[in-house]
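This report refers to the structure that appears directly beneath it.
Residue numbers (full-length UniProt numbering): 1 to 331.
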């Protein structure tokens, strides 16, 4: 299926842009699949916005604002989904519903079941790297009643009623999908196919994450679920100097046994396992992108013995850390 270029020949207003789902990069002007630098009175940078299937549009932007403005936007019934890969925490005022907060590396879903208006400030010098998609009712219509027991039904719920918002837990898989919207090497028809595939992967992953999150909330309650998310954010904020399980439990206000049980139920691993895996991922970056040796990378991520680090690394990645150094130098 050929992608439809959504840029009117006469240009776009801010409202036009947000109707295309650029809720996470307000004021930017969509570009073609091939990268193209833009320079406007409002921003510099670029944005991808293409309809890959009826009712499904993928968006990706990398823009820096050059002026201060409050943009008031009218939007039709739509489900907006986006993740901010780089940028600062921002607030958007949904008229009649108050303010909603969007944070870096968190997936935000904003469902508008009826035409509405919202206002977002932009500040000169702020840079935002974002990616996501938006869904129109036409996307769900093709499935008919088949959505009844499917994860997509959970997404469809967000475009019923008036305004609804969900903020999902940080997901490494979704962050990778979002980055691929920016970093893929494809052009032409191959690029179009890739964007369609990536957008569908994004939708499926978000649907499954939202479905799983609601199942966990039903199992343990929203407050306990939020404590688990808070615990992981504390761990991820400083993977080198992580608190003990007892210290972590005290910080989030729950006993150690409950935290350990709920953490494994939500993330499928123990607190120790999560920290170890994240440190190994950090080590891979140090080896491939910063050229550190095995012993130094092991020390930086908290392993006291290089041999223990190498064994854990091989078990997790299926290759030795030394081979990663060679790959990094070869690249």
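Every residue gets a Cβ at the ideal spot worked out from N, C-alpha and C, and that includes glycine.
If you compare the alpha carbons of 199, 144, 79, 189 with that of residue 179, the shortest gap goes to 199. Looking only at 274, 240, 252, 245, the smallest Cα-Cα distance to residue 297 is reached by 240.
In the DSSP assignment, residue 63 forms a beta bridge with 45, 128. Leaving aside the five residues that flank residue 230 on each side, the residues in its chain whose CB is nearer than 7 Å to its CB run, in chain order, 252. Taking a contact as a CB-CB distance under 8 Å, the pair residue 274 and residue 227 does not count as one, their CB atoms being some 15 Å apart. In this structure, the straight-line span from the alpha carbon of residue 216 to that of residue 151 is close to 14 Å.
Annotation: residue 123 to residue 308 spans about 48 Å, alpha carbon to alpha carbon.
Counting C-beta atoms within 10 angstroms of its own C-beta, residue 130 has 16 or more neighbours from the protein chains shown and is therefore classed as buried.
Note that the C-beta distance between residue 159 and residue 117 is not below 8 Å. With fewer than 16 other Cβ atoms inside 10 Å of its own Cβ, residue 97 counts as exposed.
Between residue 50 and residue 82 the beta-carbon gap is near 15 Å, outside 8 Å, which marks them as no contact.
Here residue 286 has 292, 297, 300 as same chain residues with Cβ atoms under 7 Å from its own Cβ, once five neighbours each way along the sequence are excluded.
Residue 177 and residue 55 have their C-alpha atoms roughly 20 Å apart. Under the three-state reduction of DSSP output, residue 94 falls in the strand class. Ranked by Cα distance from residue 305, the options 313, 319, 295 are led by 295. The Cβ atoms of residue 310 and residue 320 lie closer than 8 Å to each other. In this structure, the straight-line span from the alpha carbon of residue 260 to that of residue 95 is close to 41 Å.
Non-local C-beta neighbours of residue 202 in its own chain, meaning closer than 6 Å and more than five positions away in sequence, comprise 133, 177, ordered along the chain. In terms of CA proximity to residue 75, 120 leads the group 120, 208, 63. DSSP places residue 122 within a strand segment (E or B) once states are collapsed to three. Secondary structure within the UniProt domain "HTH araC/xylS-type" (229–327): the alpha helix (DSSP H) runs of 4 or more consecutive residues, fully enclosed, are 245–252, 256–267, 271–290, 294–300, 306–317 (chain order). Taking C-beta separations shorter than 7 Å and ignoring five residues to either side along the sequence, the partners of residue 70 in its chain run 119, 121, following chain order.
Beta-bridge pairing by DSSP links residue 110 to 80, 165. Residue range 69–75 is occupied by the beta strand (DSSP E) that includes residue 72.
Here the alpha carbon of residue 104 sits roughly 26 Å from the alpha carbon of residue 220. Secondary structure at residue 206: helix, using DSSP grouped into helix, strand and coil. Per DSSP, residue 140 is one residue of the alpha helix (DSSP H) stretching across 137–141. In the three-state reduction of the DSSP assignment, residue 158 falls in the coil class, being assigned neither a helical nor a strand state. Straight-line spacing of the CA atoms in residue 60 and residue 84 works out to 10 Å. Cβ-Cβ distances below 7 Å link residue 279 to 239, 301, 302 in the same chain, with the five nearest sequence neighbours on each side left out; the list follows chain order.
Relative to the Cα of residue 312, the nearest Cα in the group 271, 142, 284, 289 belongs to 284. Straight-line spacing of the CA atoms in residue 197 and residue 255 works out to 43 Å.
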